[in-house]
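First residue of the sequence shown: 49, per this note's numbering; consecutive thereafter.
Here the structure is laid out as structure tokens; the discussion comes afterwards.
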Amino acid sequence: MTKTSDVVIVGGGIIGSAAAFFLASDTTFNGKITVIEKDSSYQGSSTTLSAASIRQQFSTPENINISLFGIDFLRNLSEHLALENEQQPTNALDIGLQEKGYLLLASDKGQETLRNNNLIQKELGADISLLTPALLKERFPWMNCDDVALGSLGLSGEGWFDAYSLLQLFRAKNKELGVIYKDGEVTGFEKSGGEIVAAELKTSESASVEKISGEHFINAAGPMASRIAAMAGIDIPIESRKRCVFVFNCREEIANSPLVVDTNGVYFRPEGEHFICGTSPLDGHDPECFDYHVDYSLFDEHIWPTLANRVTAFESIKQINAWAGHYAYNLLDQNVVLGTHPDVGNLYFANGFSGHGLQQAPAVGRALSELIIYGKYRSLDLSIFGMERIINKTPVKELNVI
Ligand SMILES: Cc1cc2nc3c(=O)[nH]c(=O)nc-3n(C[C@H](O)[C@H](O)[C@H](O)COP(=O)(O)OP(=O)(O)OC[C@H]3O[C@@H](n4cnc5c(N)ncnc54)[C@H](O)[C@@H]3O)c2cc1C
49 MTKTSDVVIV
59 GGGIIGSAAA
69 FFLASDTTFN
79 GKITVIEKDS
89 SYQGSSTTLS
99 AASIRQQFST
109 PENINISLFG
119 IDFLRNLSEH
129 LALENEQQPT
139 NALDIGLQEK
149 GYLLLASDKG
159 QETLRNNNLI
169 QKELGADISL
179 LTPALLKERF
189 PWMNCDDVAL
199 GSLGLSGEGW
209 FDAYSLLQLF
219 RAKNKELGVI
229 YKDGEVTGFE
239 KSGGEIVAAE
249 LKTSESASVE
259 KISGEHFINA
269 AGPMASRIAA
279 MAGIDIPIES
289 RKRCVFVFNC
299 REEIANSPLV
309 VDTNGVYFRP
319 EGEHFICGTS
329 PLDGHDPECF
339 DYHVDYSLFD
349 EHIWPTLANR
359 VTAFESIKQI
369 NAWAGHYAYN
379 LLDQNVVLGT
389 HPDVGNLYFA
399 NGFSGHGLQQ
409 APAVGRALSE
419 LIIYGKYRSL
429 DLSIFGMERI
439 INKTPVKELN
449 VI
């Protein structure tokens, strides 16, 4: 059976749902939107397994502007995602946004980069301040700053929130706007000429393959993006790479902690009464991976020593929980691949965000809606993230990748 839609979105995580929202809420667009999601519990999705944080501290102007729009969207959720046809509890739009900032620490070697980035960030209106070790110590007395040359702190516009709540708000609003969420796994595409005409999917309701035809298709499959691309005959350099997050308790009070990124990339931040922390795997230990096994050696051998060096009270912490999720890791430059490929004109990609896709969802969702409705970017030109750079192997040189 073939059902028809105007836009078919593969993947109903934060990117697919944000794209659906901006399409459905554009009053000039009356098309039918279907989001196909293979697991609506989202247990294995990057969105729900992320560290759920947002920062302005990038080096690429486009990434900074994307996050500036992101924080504005999150601060004003009630303007965007409040339901109109239903009474909602007063706290329904509270995603627990905590604007406590990112603090990026640099050793002598890294301080010039922080200074250069700061110039760009400030020019674009990001509220980021450079702090000497003495100022850092004054603000965060619990921190050891002996080996730090400079810190870069987001005074506002940076912090963390509840990603699952945000996703559920998008879903509820989308459904009110008429978006259809269809449970099923996309297993292939039907093509005609150079274009896709239908997505083929397996569902629990039917033994036979169902088809949903459409004019435009979006690949929002997160770490599975390459598989969806391959179904359309396109090769993209995006792999699923495991990232582990560890939860720990600290007996002493660590007041006013931002999300701290240490000089070697280890990060920690408060999470309710606890802390979470993580880091990228060491070089040569980061293969393509789809399992969810936590690599505890990363915590014991790499993260904990770094934490204990930075905060004396972290010498006696208790690690109480952990989980693993996956980055859609762009091998070329760890930035999003956005837009169509010359070989298939109606398949839009929004993949390869690596560690910063959640915060980019509002701006990327809006960008996808503009490409589909108007055929071009209207509010923020994101053409540097286009497929051409992948084909020509010309990376976007973002210096702040975490
Ligand atoms: C440990 C960790 C920490 C992170 N921390 C941050 C952070 O602090 N800030 C930040 O901005 N970003 C962070 N990220 C990155 C962020 O989580 C992702 O970039 C973002 O969630 C990507 O959203 P998505 O919708 O593309 O992917 P997903 O959330 O994975 O959604 C894709 C969906 O597609 C579905 N799907 C896949 N294949 C198919 C198919 N064939 N048919 C139908 N459905 C399919 C999946 O079930 C899934 O629900 C982190 C990621 C991880 C793993």
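From the three backbone atoms N, C-alpha and C, an ideal C-beta is built for every residue, glycine too.
Does the beta-carbon of ARG291, which I'm using as the reference point, lie nearer than 7 Å to any heavy atom of ligand 1? As a working mapping, residue 291 is identified with position 243 in the sequence shown. Under cutoff, so the answer is yes.
Spatial neighbours of THR251 within its chain, please: C-beta separation below 7 Å, excluding the five flanking residues on both sides. Translated into positions along the sequence shown, residue 251 becomes position 203. Cβ neighbours of THR251 beyond the five flanking positions: ASP231, GLY232 and GLU258.
Within 8 Å, strictly: CB atoms of GLU206 and ILE102: As a working note, residue 206 is residue 158 in the sequence shown. As a working note, residue 102 is residue 54 in the sequence shown. Yes.
Among GLU238, GLN105 and LEU179, the one whose alpha carbon lies nearest that of LEU395: Within the sequence shown, residue 395 is the residue found at index 347, counting from 1. Nearest C-alpha to LEU395 among GLU238, GLN105 and LEU179: GLU238.
If we ignore side chains and look at the alpha-carbon of each, how far apart do ARG299 and SER261 end up? Residue numbering aside, residue 299 sits at position 251 when the sequence shown is read from its first letter. Residue numbering aside, residue 261 sits at position 213 when the sequence shown is read from its first letter. So the two alpha carbons sit approximately 57 Å from each other.
What are the start and end residues of the beta strand (DSSP E) that includes THR52? The count along the sequence shown starts at 1 and reaches residue 52 at position 4. 50-52 is the span of the beta strand (DSSP E), which, as asked, contains THR52.
Can you check which of these residues, ASP87, LEU217, LEU151 and ASN166, is closest to PRO137 by C-alpha distance? Taking the first residue of the sequence shown as position 1, residue 137 is located at position 89. Among ASP87, LEU217, LEU151 and ASN166, the Cα nearest to that of PRO137 is on LEU217.
Do ALA372 and VAL342 have their C-beta atoms closer together than 8 Å? The count along the sequence shown starts at 1 and reaches residue 372 at position 324. The count along the sequence shown starts at 1 and reaches residue 342 at position 294. Yes; because the gap between Cβ atoms is below 8 Å, this pair is in contact.
Please list, in chain order, all residues of the same chain as PHE362 whose beta carbon is under 7 Å from its beta carbon, the five residues on each side excluded. Against the sequence shown, residue 362 aligns to sequence position 314. So the qualifying residues of the chain are CYS298, LEU355 and ALA356.
Report the option in LYS86, SER94 and SER254 whose CA atom is closest to the CA atom of ARG289. Here the question's residue 289 lines up with position 241 in the sequence shown. It is SER94.
Let's test the definition: count the other Cβ atoms within 10 Å of the Cβ of GLY202 and tell me whether it reaches 16, buried, or not, exposed. The residue labelled residue 202 in the question sits at position 154 within the sequence shown. Buried, since its Cβ has 16 or more Cβ neighbours within 10 Å.
Neighbour-count burial assignment, TYR422, 16 or more Cβ in a 10 Å radius: Locating residue 422 in the sequence shown gives position 374, counting from the first residue. Looking at its Cβ environment, which holds fewer than 16 other Cβ atoms inside 10 Å, TYR422 is exposed.
For ILE450, tell me which candidate among LEU151, PHE323, GLY413 and ARG275 has the shortest Cα-Cα distance. Taking the sequence shown and counting its residues from 1, one reaches residue 450 at position 402. Checked all of LEU151, PHE323, GLY413 and ARG275; the closest Cα to ILE450 is LEU151.
Rounded separation between LEU198 and LYS157 - CA only: Numbered from 1 along the sequence shown, position 150 holds the residue referred to as residue 198. Numbered from 1 along the sequence shown, position 109 holds the residue referred to as residue 157. Cα-Cα distance, rounded: 10 Å.
Distance check for ILE438 and ALA255, CA to CA, integer angstroms please. Counting from 1 along the sequence shown, the entry for residue 255 is found at position 207. Counting from 1 along the sequence shown, the entry for residue 438 is found at position 390. Cα to Cα, ALA255 sits roughly 38 Å from ILE438.
How big is the Cα-Cα spacing for SER402 and GLY326? Walking along the sequence shown from the start, residue 402 turns up at place 354. Walking along the sequence shown from the start, residue 326 turns up at place 278. So the two alpha carbons sit approximately 14 Å from each other.
Our contact map puts ILE110 next to ILE432 with C-beta atoms below 8 Å; I'd like the distance itself, whole angstroms only. Your numbering for residue 110 matches position 62 in the sequence shown. Your numbering for residue 432 matches position 384 in the sequence shown. Here residue 110 is Glu; the residue named in the question, Ile, does not match the sequence. About 6 Å; that satisfies the 8 Å criterion.
Does SER155 pass the burial test, meaning 16 or more other C-beta atoms within 10 Å, or should it be called exposed? On the sequence shown, position 107 is the one that residue 155 refers to. Exposed is the call here.
Opening and closing residue of the beta strand (DSSP E) in which ASP120 lies: Along the sequence shown, read from residue 1 onward, the residue named residue 120 stands at position 72. Careful: ASP120 lies outside any beta strand (DSSP E), inside the alpha helix (DSSP H) at 109-123.
Give the straight-line distance between the Cα atoms of VAL444 and VAL385, rounded to the nearest whole angstrom. As a working mapping, residue 444 is identified with position 396 in the sequence shown. As a working mapping, residue 385 is identified with position 337 in the sequence shown. Their Cα atoms are separated by approximately 10 Å.
Less than 7 Å between the CB of LEU406 and some heavy atom of ligand 1, yes or no? On the sequence shown, position 358 is the one that residue 406 refers to. Yes, ligand 1 has a heavy atom inside 7 Å of this Cβ.
Below 8 Å between beta carbons: does that hold for GLY64 and ALA268? Position 16 of the sequence shown, counting from 1, holds the residue named residue 64. Position 220 of the sequence shown, counting from 1, holds the residue named residue 268. Result yes, Cβ atoms of GLY64 and ALA268 sit closer than 8 Å.
Measure the beta-carbon distance from GLY393 to GLU160 and round it to whole angstroms, keeping in mind my assumption that it falls under 8 Å. Reading the sequence shown from its first residue, position 345 is the one you call residue 393. Reading the sequence shown from its first residue, position 112 is the one you call residue 160. Incorrect: roughly 43 Å between the Cβ atoms, too far for contact.
What did DSSP end up calling PHE218 once you bin it into helix, strand or coil? Within the sequence shown, residue 218 is the residue found at index 170, counting from 1. PHE218 falls in the helix class under three-state DSSP.
Confirm the yes/no value for this check: CB of TYR90, any heavy atom of ligand 1, distance under 7 Å. Taking the sequence shown and counting its residues from 1, one reaches residue 90 at position 42. Under cutoff, so the answer is yes.
Tell me, to the nearest whole angstrom, how far the beta carbon of GLN382 is from that of GLU446; I am working on the premise that it is less than 8 Å. Residue mapping note: residue 382 aligns to position 334 of the sequence shown, counting from 1. Residue mapping note: residue 446 aligns to position 398 of the sequence shown, counting from 1. Rounded, the Cβ-Cβ distance is 7 Å, consistent with contact.
Leaving aside the five residues before and after ALA130 along the sequence, list all residues of the same chain whose C-beta is less than 7 Å from its C-beta, in chain order. The residue you call residue 130 lines up with position 82 of the sequence shown. Closer than 7 Å at Cβ, skipping near neighbours: GLN136 and LEU141.
Whole angstroms is fine: what's the gap from ARG358's alpha carbon to CYS193's? Numbered from its first residue, the sequence shown carries residue 358 at position 310. Numbered from its first residue, the sequence shown carries residue 193 at position 145. One C-alpha to the other measures close to 7 Å.
Ignoring anything shorter than 3 residues or poking outside the region 239-295, list the beta strand (DSSP E) runs there in chain order. 243-250, 258-261 and 264-267, all fully within the region 239-295.
C-alpha distance - PRO306 paired with ALA246, whole-angstrom precision: One-based indexing of the sequence shown puts residue 306 at position 258. One-based indexing of the sequence shown puts residue 246 at position 198. Spanning the two alpha carbons is a distance of roughly 46 Å.
Taking DSSP as the reference, what is the three-state secondary structure of GLN146? Your numbering for residue 146 matches position 98 in the sequence shown. Note: GLN146 maps to strand in three-state DSSP.
Suppose contacts are defined by Cβ-Cβ distances below 8 Å. Is TYR229 in contact with SER88 by that definition? Mapped onto the sequence shown, residue 229 falls at position 181. Mapped onto the sequence shown, residue 88 falls at position 40. Yes; because the gap between Cβ atoms is below 8 Å, this pair is in contact.
SER364 to CYS292 span [Cα, whole Å]: As a first step, residue 364 must be located in the sequence shown, where it is residue number 316. As a first step, residue 292 must be located in the sequence shown, where it is residue number 244. Going by the C-alpha atoms only, they are around 21 Å apart.
Secondary structure at ASN394, three-state DSSP: helix, strand or coil? As a first step, residue 394 must be located in the sequence shown, where it is residue number 346. Note: ASN394 maps to strand in three-state DSSP.
What residue does the beta strand (DSSP E) around GLN382 start on, and which one ends it? Within the sequence shown, the letter at position 334 stands for residue 382. Careful: GLN382 lies outside any beta strand (DSSP E) and carries neither H nor E.
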